[in-house]
Amino acid sequence: MNHFDRAYHGLLEKILNEGEYKDDRTGTGTYSIFGHQMRFDLREGFPLLTTKKVLFKMLATELVWFIRGDTNIRFLLGYNNNIWNEWAFKKWVESDEYEGPDMTDFGNRAQQDPSFNTVYKGEMESFKKRILEDDAFAEKYGDLGNVYGRQWRAWEGPDGAFTDQLKNVVHSINNTPDSRRHIVTAWNPSEIDSMALPPCHAFFQFYVNDGKLSLQLYQRSADVFLGVPFNIASYALLLHLVARECNLEPADFVHTFGDAHIYTNHLDAVKTQLSREGYKAPEIRVNSDKSMFDLDYEDLEIVDYECHPYIKAPIAV
32 MNHFDRAYHG LLEKILNEGE YKDDRTGTGT YSIFGHQMRF DLREGFPLLT
82 TKKVLFKMLA TELVWFIRGD TNIRFLLGYN NNIWNEWAFK KWVESDEYEG
132 PDMTDFGNRA QQDPSFNTVY KGEMESFKKR ILEDDAFAEK YGDLGNVYGR
182 QWRAWEGPDG AFTDQLKNVV HSINNTPDSR RHIVTAWNPS EIDSMALPPC
232 HAFFQFYVND GKLSLQLYQR SADVFLGVPF NIASYALLLH LVARECNLEP
282 ADFVHTFGDA HIYTNHLDAV KTQLSREGYK APEIRVNSDK SMFDLDYEDL
332 EIVDYECHPY IKAPIAV
C-alpha cells in the first residue's frame, strides 16, 4: 500500500479505536478525536487515494472554483459537480418563495424514507436545472455567501478594503521566500454568518526551503470518510499549482486536524475501505503554460490512477 493510503487508513483506524461519541450540528452523531497530523511527500506521487475511487474531476473543478474567487454553484453544475448542492438547496427550500413539498431535514429523511427520497431527488433536479437556466434565480439561490473563494481572493477587512490573499501569498513566496507569513485564511470571523457553511479547511501556510515548497493546512472540522480524501488531493493540487507558479518543486503537504470525525452512518463504509489493499499512487500533470489563476479544469490531468470502486455514503448537511 502506498504511504498516502496508509496514512489515511491510520487515521480511520485511530478514530474507530479511540474516538469518543459526540452529537453534532447535523443530528447524525459522530465518533471523534481532537488533534491529528498526516504528512504526504509529493515527490512520491499524487495523494489521490486508491482504496476507493476519489473523483478527481470533482475536487479539481472545486479548486478551480476557489481559485477564481467564485461562490456560486452554477460553475460547478456546469461540470456536473454536485458537492455543494445541498447547502444551496437548503437556502432555497427554507425561503419564503419555495412552495414545493416539505423538505425539512431532507438529508436524513432521504436516507430513511424511500418515497421521500424520490420526491427529494425530483426537487433537487428541478433546482439544479433552474440554477443553470435562470440567471436571476442562480444569482439569488446558487450563491453560497462569502465562502472559500471569496475569502481567498477578496477578503474584506473592517475598513471595507479587499485583499487578494492568494495572489499576495504567491508574491511573497517569490519575493521573500524565507518569510514565515506565507499564509491564507478562510476564517473571517465577521463573515461567518454570511457563509452557507463556515470554512472547515480554515487556514494554510507555505514554507520554502532549498528550492522546494511545502504546505500545511489546518482543518478545524473533518468529515474523515467523505470529505478528507477530497481535502488531501485538493490541497496537494494547490501545492503543485503554487509551486509551479513560483518555479519551485512541490515537497510536503502537511494535514493538521482539529475535530476529526466519522459519522455514525459511515461506519460500514469505513470498514469496507479498511478491508482493501491499495495500489501505486498516480501522478498529476498540468497541460498548459497558463498562470494558475487562468487555468481551466481541462488543463489538469491525473495519470495512471488505479483504484478500488467508489463507496457511497450519505452527506450530513
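In the numbering used here, the protein residues as written are 32 to 348.
Here a beta-carbon is modelled for each residue, glycine too, at the ideal position from N, C-alpha and C.
Quick caveat, the model's predicted, so the values are computed rather than measured.
- In this structure, the beta-carbon distance from Asp36 to Gly309 falls below 8 angstroms.
- Ranked by how close their Cα comes to the Cα of Leu90, the residues Lys343, Ser126, Glu332 have Glu332 in first place.
- Shortest Cα-Cα distance from Tyr336 to any of Pro281, Phe324, Lys311 involves Lys311.
- Here Phe158 has Phe120, Trp123 as same chain residues with Cβ atoms under 7 angstroms from its own Cβ, once five neighbours each way along the sequence are excluded.
- Looking at Gln304, Asp165, Trp186, the one whose alpha-carbon comes closest to that of His339 is Gln304.
- Under DSSP, Tyr129 forms no beta bridge with any residue.
- Close CB contacts of Ala185 within its chain, under the 8 angstroms cut and outside five residues either way in sequence, are with Gly100, Phe193, Thr194, Asp195 (chain order).
- Cβ atoms of Phe71 and Ala291 stay farther apart than 8 angstroms, at about 16 angstroms.
- Separation of the CB atoms of His271 and Ile315 is rounded to 6 angstroms, and the pair is thereby assigned contact status at 8 angstroms.
- The criterion of a C-beta distance shorter than 8 angstroms is not satisfied by Leu298 and Leu244.
- When DSSP reads this structure, Trp186 sits in a beta bridge with Thr194.
- In this structure Gln68 does not touch Thr216 by the C-beta definition: roughly 19 angstroms separates them, more than the 8 angstroms allowed.
- Below 8 angstroms, too few C-beta pairs join the segment 198-206 and the segment 245-254 to call them touching: fewer than three.
- Residue pairing by DSSP places Gly176 opposite Met226 in a beta bridge.
- Assigned with DSSP and collapsed to three states, Phe77 falls in coil, not helix or strand.
- Checking the DSSP bridge columns, you'll see Glu93 has no partner listed.
- Ile64 is the residue among Ser265, Val285, Ile64 whose C-alpha sits nearest the C-alpha of Glu49.
- Beta-bridge pairing by DSSP links Leu298 to no other residue.
- By the neighbour-count definition (other C-beta atoms within 10 Å, threshold 16), Arg105 is a buried residue.
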